[in-house]
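Shown next, in structure tokens, is the structure this report addresses.
Residue numbers (full-length UniProt numbering): 1 to 251.
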């Protein structure tokens with residue numbers, strides 16, 4: 001095969017040796033720069049960004065029995081305590097006798113039925129008017145502050161610590177209309193559940209307020225128009241401290 005001499009001369013000529021070689025187009029450089037920027041931003045976010053964490057649990061609303069004090073009504077000497085912790089007494093039952101200088105022996109009685117939970121004084125001590133002789137928990141079904149009791153698997157409960165914020169969905173209360181109930185973890189203790197085995201019992205205190213019908217803080221301004229009842233089922237979201245994305249990826 002024969003080639004034209006002019007074509008061979010063009011191939012052998014040095015005219016194009018100093019011409020710049022175009023490695024890529026301007027559009028290609030822009031794509032590479034954009035990719036590099038994305039990688040840098042992703043790395044920065046991985047170390048300095050934060051991701052919220054939460055734990056889900058279920059439980060019930062529980063009432064804490066209302067505790068009231070039986071107090072001395074006069075100054076004197078405590079002669080005899082007639083009850084001890086664990087006793088159940090009826091309304092009007094004698095709790096203690098106190099000898100006073102003015103009126104002799106007085107019998108201090110329970111104002112209402114209850115179970116004795118504490119006796120902070122002992123016989124023979126000098127007492128003054130207002131001294132608590134015994135503390136009784138009401139047994140007529142009355143409750144004081146409501147709380148929520150939720151259960152967590154032992155393997156997942158390390159982050160549930162006192163002070164953590166909790167959102168509670170009460171199943172009998174429409175969330176779309178009234179929001180969720182606010183609370184805080186107050187205690188965490190291991191217990192043995194008859195069906196689930198070893199679990200963590202998390203006690204959540206509801207946040208009280210005088211500005212809602214229920215008496216507790218909700219994510220909405222007013223919450224539901226009715227009182228909450230003990231035994232209501234709840235779903236809890238326990239909020240954990242946020243961590244960086246790189247920490248989330250760490251084993």
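Note that beta-carbon positions come from the ideal geometry of N, C-alpha and C, so glycine has one too.
Cβ-based burial, residue i [other Cβ within 10 Å; buried from 16]
| i | result |
| --- | --- |
| residue 122 | exposed |
| residue 131 | buried |
| residue 57 | buried |
| residue 206 | buried |
| residue 76 | buried |
| residue 213 | exposed |
| residue 134 | buried |
| residue 180 | buried |
Residue of the options minimising C-alpha distance to residue i
| i | options | result |
| --- | --- | --- |
| residue 127 | 175, 177, 74 | 74 |
| residue 186 | 179, 67, 161, 209 | 161 |
| residue 237 | 35, 149, 105 | 149 |
| residue 154 | 116, 115, 199 | 199 |
| residue 171 | 96, 225, 233, 137 | 233 |
| residue 91 | 137, 97, 99, 230 | 137 |
Opposing strand residues paired with residue i [DSSP bridges]
| i | result |
| --- | --- |
| residue 80 | 97 |
| residue 182 | 167 |
| residue 138 | 114 |
| residue 132 | 71 |
| residue 198 | 192 |
| residue 61 | 148 |
| residue 205 | 147, 184 |
| residue 234 | 59, 170 |
For residue j and residue i, the rounded distance between their alpha carbons
| i | j | result |
| --- | --- | --- |
| residue 152 | residue 202 | 7 angstroms |
| residue 215 | residue 182 | 12 angstroms |
| residue 218 | residue 175 | 10 angstroms |
| residue 109 | residue 197 | 44 angstroms |
| residue 46 | residue 60 | Unreliable placement is indicated for residue 46, whose pLDDT of 49 sits below 50; the coordinate value is still reported in the next sentence. So the alpha carbons of these two residues sit roughly 38 angstroms apart. |
Query raised in the report: What runs of the beta strand (DSSP E), each 3 residues or longer, lie entirely inside the region 86-126?
Result: 94-100, 104-109, 114-118
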